[in-house]
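Trainee:
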Amino acid sequence: MPEKQPPFLPAAGRVVMVTGPNRGIGLATARKLHADGYSLSLGARRADALKAAIADFADDRVMSHHFDAQDRKSAAAWVDATAEHFGRIDGVVNNAGILHLHEIDEFDEDRLQESFEINVVAPYRLTVAALPHLRKTGAGRVVNINSRSGLRYVNGSMDYCITKHAAMALSQGTWRECWEDGIRSTAICPGPTNTDMAEGRPDRDRLTDPETIAGLVSMVLSLPNAASVPVLAVCCDEEPGLP
Numbered sequence: 020m021p022e023k024q025p026p027f028l029p030a031a032g033r034v035v036m037v038t039g040p041n042r043g044i045g046l047a048t049a050r051k052l053h054a055d056g057y058s059l060s061l062g063a064r065r066a067d068a069l070k071a072a073i074a075d076f077a078d079d080r081v082m083s084h085h086f087d088a089q090d091r092k093s094a095a096a097w098v099d100a101t102a103e104h105f106g107r108i109d110g111v112v113n114n115a116g117i118l119h120l121h122e123i124d125e126f127d128e129d130r131l132q133e134s135f136e137i138n139v140v141a142p143y144r145l146t147v148a149a150l151p152h153l154r155k156t157g158a159g160r161v162v163n164i165n166s167r168s169g170l171r172y173v174n175g176s177m178d179y180c181i182t183k184h185a186a187m188a189l190s191q192g193t194w195r196e197c198w199e200d201g202i203r204s205t206a207i208c209p210g211p212t213n214t215d216m217a218e219g220r221p222d223r224d225r226l227t228d229p230e231t232i233a234g235l236v237s238m239v240l241s242l243p244n245a246a247s248v249p250v251l252a253v254c255c256d257e258e259p260g261l262p
């Protein structure tokens, strides 16, 4: 009989990869996980922006690597570099994404393809590349930063809602397909969040803070195999139809 896991998994010694860590939820998540004791591999397209963003906490528990969501070879190269540097990978946080606002009749195939590549294909590619390492730990974790748009339709964001629903299928599929390997996947679905995407909104002070989402990421990473949370909806106001 396998040894029972503790009520919460320790952060020390565990390695987590984070996409889009140079701002918003990604940066807040990287800062929170580092403070909690995790070792981090941070992937971003612009090395200069990432270096400046993490300057206040970069140390020997943090490595950075080039990651371009639209480059097919980028994920595997980053995973290999992370495994070589730390010797293991315990978790992946798929945070990077893109949002286009438009009406339903404003169809643009190139724009939709870009959204699919960044919001669906890239996290799928990275998750699959990391699976062999996650399986080795017996307690691998995948956290997908989704959206309320992955749970119901939000007016004026057809491309985003389509891709976030697809990303929800990816998260749930990972949860089911990899359960016996000890891998647990969680889709965290925030409503409006106080990031640069909310620039210009008159109600920014009531939106969910990225640091709050970061705390939830840390929490689900720490849960043992016997306490998995497949979907976590986060609301700053009443959301009819959400669980």
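The letter at position 229 of the sequence shown is residue 248 when you use my numbering, and the numbering goes up by one with no holes.
We put the CB at the ideal spot given by N, CA and C, even for glycine.
Just so we're clear, the structure is a prediction, and the values are computed from it rather than from any experiment.
1. By Cβ distance, which residues of its chain are closer than 6 Å to Ala-96, with the 5 residues on each side in sequence left out?
2. Run through DSSP, which three-state label would Glu-163 get?
3. Could you compute how far the alpha carbon of Arg-91 sits from the alpha carbon of Arg-144?
4. Put Ala-16 into one of helix, strand or coil per three-state DSSP.
5. I need the straight-line Cα distance from His-121 to Gly-169, nearest angstrom please.
6. Relative to the C-alpha of Pro-209, which candidate in Gly-192, Ala-233, Asp-224 and Thr-193 has its C-alpha closest?
7. Exposed or buried, which one is Arg-50 when buried takes at least 16 other CB atoms within 10 Å?
8. With DSSP collapsed to three states, give me the class of Met-20.
9. Here's a check: name, in chain order, each residue in its chain whose Cβ is nearer than 7 Å to the Cβ of Pro-142, leaving out the five neighbours to either side.
10. Within its chain, find whatever has a CB closer than 7 Å to the CB of His-119; leave out the 5 residues flanking it on each side and keep chain order.
11. Quick check on DSSP: helix, strand or coil for Arg-203?
12. Count Cβ pairs between the stretch 232 to 249 and the stretch 59 to 77 that sit closer than 8 Å; are there 3 or more?
13. If we count the other Cβ atoms within 10 Å of its Cβ and call it buried at 16 or more, is Val-140 buried or exposed?
14. Could you tell me the distance, in whole angstroms, from the CA atom of Gly-56 to the CA atom of Glu-22?
15. Helix or strand or just coil, what does DSSP make of Leu-150?
16. Using CA atoms only, rank isn't needed, just tell me which of Ala-149, Asp-222, Glu-125 and Leu-46 is closest to Val-98.
Mentor: If we stick to the structure as given:
1. none
2. In the sequence on display, residue 163 carries Asn and not Glu. Three-state DSSP puts Asn-163 in a strand.
3. So the alpha carbons of these two residues sit roughly 8 Å apart.
4. Lying outside 20 to 262, the shown extent of the chain, residue 16 is not represented and no answer is given.
5. Distance between the alpha carbons of His-121 and Gly-169: 17 Å.
6. Ala-233
7. buried
8. For Met-20, the predicted structure reports a pLDDT of 49, less than 50, and the residue's modelled location is therefore unreliable. The matter cannot be settled from this model.
9. Only Asn-113, Asn-163, Ala-186 and Leu-189 meet the Cβ criterion.
10. Counting only Cβ-Cβ distances below 7 Å, and skipping sequence neighbours, we find Arg-130, Ser-134, Asp-178 and Tyr-179.
11. Strand.
12. no
13. buried
14. 24 Å
15. helix
16. Ranking the options by Cα distance to Val-98, first place goes to Ala-149.
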